[in-house]
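K.L.:
There's a structure below that I have some questions on.
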Amino acid sequence: MQVNKALLASSVVFSIISKPTYKKVNYVYNTNKKNNYKFMRKGILGLGLFWSKSTSNTSNEIQEDVNICLEKADKEFDNGHYEDCYNTLIKSKFQNDVDVNWRICRVLYTMAKDSKYDQSYKKDLIKQAYTIIAYELPKSGDCSAVHKWYALILDAKTSFEGYKERIKHLEKIKEHLDFAVALNPNDATTLHMLGEWCYQLSEMPWHQRKTTELLFYSLPKSSYEDALEYFLKAESVHPRFYSINLLRLGSCYLKLNKEDQAKYYLQLAASYPAKSNEDHQANKEATELLKKLK
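Residue 293, in numbering that gives the first Met the number 0, is where the sequence shown stops; the numbers in between run on with no holes.
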């Protein structure tokens, strides 16, 4: 099972995007810079534009071609070749295919998390992703990945629109994560994100919650018990798939005064093989929390 660490690396709620430290880069998708955005919209919204070319193929032949395209794009994505992945998908003739479209959203979302791009560029990437996924949602509501990426991209979109908009859409974000899990109960990443949604709300100080509700909207209710349930489900689906999931399990048990269980998961998190900055951070935080248990 492939786990998208780039996806997990961003908190579903209240994540803060760091200030840009790089100059704005040119679009990488099309060598014809002036026509880049038109090219995207044409690919996204031009229903049947490319599909008509394949009408002579049988459905099996078409599906085989789609699978080849998806396999190539997934390999490029897993290897971190995001621009190549995008071009493979957007230049294909299968842009009425839901599995092509949510993958386009995935790569746009992932690129928007890259610190080398400035905020304006990131915002444009997310807008483009939202256009695609919002178009796909009504006609592909039975696809788990569509709900998952709608939730993530809506969260990213509202992060550019201000704190009030993020608060306003919190319940909608969880609603689509719930849909995603209902359609695919064995998706560890979505289960973890639901746990993170609950955990971050539970972590919010009482005074911040009251101020937010006074100025904006009522906040959804959640608890460490709710978060723990999701983190445990994620772990049962894919044991030790993610250092932060282990850290969160330990933290939840600590919050619930269950020190033996907390120690078990914190030790796993502290000794987790560090292959990324996140893993190093999980190692560090777990080690600090373990000191409190001695």
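Virtual Cβ for every residue (Gly too), placed ideally from N, Cα, C.
Every value quoted in this text rests on a predicted model; they were computed, and no experiment measured them.
If we ignore side chains and look at the alpha-carbon of each, how far apart do Glu287 and Asp96 end up?
P.N.:
47 Å
K.L.:
With distance defined between alpha-carbon atoms, name the residue in Asn276, Gln266, Gln280 and Ser275 nearest to Lys291.
P.N.:
Gln266
K.L.:
Grab the span of the alpha helix (DSSP H) containing Arg208 for me, first residue to last.
P.N.:
Trp205 to Leu214
K.L.:
Mind checking Lys147: buried by the 16 CB within 10 Å criterion, or exposed?
P.N.:
buried
K.L.:
If contacts are defined as beta-carbon pairs under 8 Å, then Tyr229 and Ala155 qualify, I think. What distance do you get, rounded to the angstrom?
P.N.:
Contact flag wrong, Cβ pair sits at about 21 Å.
K.L.:
Determine the contact status of Leu245 and Arg239, defining contact as a CB-CB distance below 8 Å.
P.N.:
yes
K.L.:
Count the other C-beta atoms from every protein chain shown that fall within 10 angstroms of the C-beta of Ile152, then say buried if there are 16 or more, exposed otherwise.
P.N.:
buried
K.L.:
Using the rule of at least 16 other Cβ atoms within 10 Å of the residue's Cβ for burial, across every protein chain shown, is Ser256 buried or exposed?
P.N.:
Reading off the sequence shown, one finds Asn at residue 256, where the question assumed Ser. Classification of Asn256: exposed, given that the 10 Å Cβ count is below 16.
K.L.:
Using DSSP with H/G/I as helix, E/B as strand and the rest coil, what is His168?
P.N.:
Residue state, collapsed to three classes: coil.
K.L.:
The alpha helix (DSSP H) spanning Asn244 covers which residue range?
P.N.:
Ser242 to Lys254
K.L.:
Would Ser270 be called buried (16 or more neighbouring beta carbons within 10 Å of its own) or exposed?
P.N.:
exposed
K.L.:
Consult DSSP for Gln94 and reduce its assignment to one of helix, strand or coil.
P.N.:
coil
K.L.:
For Lys122, which option in Ser158, Ser143 and Trp101 has the closest C-alpha, if you only look at C-alpha atoms?
P.N.:
Ser158
K.L.:
Please report the distance separating the alpha-carbon of Ile132 from that of Leu218.
P.N.:
When only Cα atoms are considered, Ile132 and Leu218 end up about 26 Å apart.
K.L.:
Can you name, in chain order, every residue of its own chain whose Cβ lies under 6 Å from the Cβ of Met110, other than the five neighbours on each side?
P.N.:
Tyr81 and Leu124
K.L.:
Please report how far the alpha carbon of Asn282 lies from the alpha carbon of Ala268, in whole angstroms.
P.N.:
6 Å
K.L.:
Which residue marks the beginning of the alpha helix (DSSP H) containing Lys232, and which one marks its end?
P.N.:
Lys232 -> alpha helix (DSSP H) spans Tyr223 to Val236.
K.L.:
Between which residues of its own chain and Leu190 is the CB-CB distance below 7 Å, once the five residues before and five after are set aside?
P.N.:
Taking C-beta separations shorter than 7 Å and ignoring five residues to either side along the sequence, the partners of Leu190 in its chain run Val180, Tyr229, Lys232, Ala233 and Val236, following chain order.
K.L.:
Three or more beta-carbon pairs under 8 Å between the region 167-179 and the region 192-204, yes or no?
P.N.:
yes
K.L.:
Unbroken alpha helix (DSSP H) runs of length 4 or more, entirely within the region 68-156: which are they?
P.N.:
81-89, 97-110 and 118-135
K.L.:
Please state the DSSP three-state secondary structure of Glu202.
P.N.:
helix
K.L.:
Using alpha carbons as the reference points, say which of His175, Tyr116, Arg102 and Glu160 lies closest to Pro137.
P.N.:
His175
K.L.:
Could you compute how far the alpha carbon of Lys209 sits from the alpha carbon of Phe76?
P.N.:
Between the C-alpha atoms of Lys209 and Phe76 there is a straight-line separation of about 42 Å.
K.L.:
Can you tell me whether Tyr28 is buried or exposed? The criterion is at least 16 other CB atoms within 10 Å of its CB, across all chains shown.
P.N.:
Interpretation of Tyr28 is limited by its pLDDT of 35, a score under 50 that renders its predicted location unreliable; the figure taken from the coordinates is listed afterwards. Looking at its Cβ environment, which holds 16 or more other Cβ atoms inside 10 Å, Tyr28 is buried.
K.L.:
Hey, would you say His279 sits closer than 8 Å to Ala273, going by beta carbons?
P.N.:
yes
K.L.:
Kindly list the residues whose CB is nearer than 6 Å to the CB of Asp83, restricted to its own chain and excluding five residues on each side of it in sequence; keep chain order.
P.N.:
Cβ contact annotation for Asp83 (same chain, cutoff 6 Å, sequence separation greater than five): Glu75, in chain order.
K.L.:
Give the secondary structure of Lys291 by DSSP, where H, G and I count as helix, E and B as strand, and everything else as coil.
P.N.:
helix
K.L.:
If I measure Cβ to Cβ from Phe178 and keep anything under 6 Å in the same chain, skipping five residues before and after, which residues do I get?
P.N.:
Once the five neighbours on either side are set aside, the close Cβ partners of Phe178 are His146.
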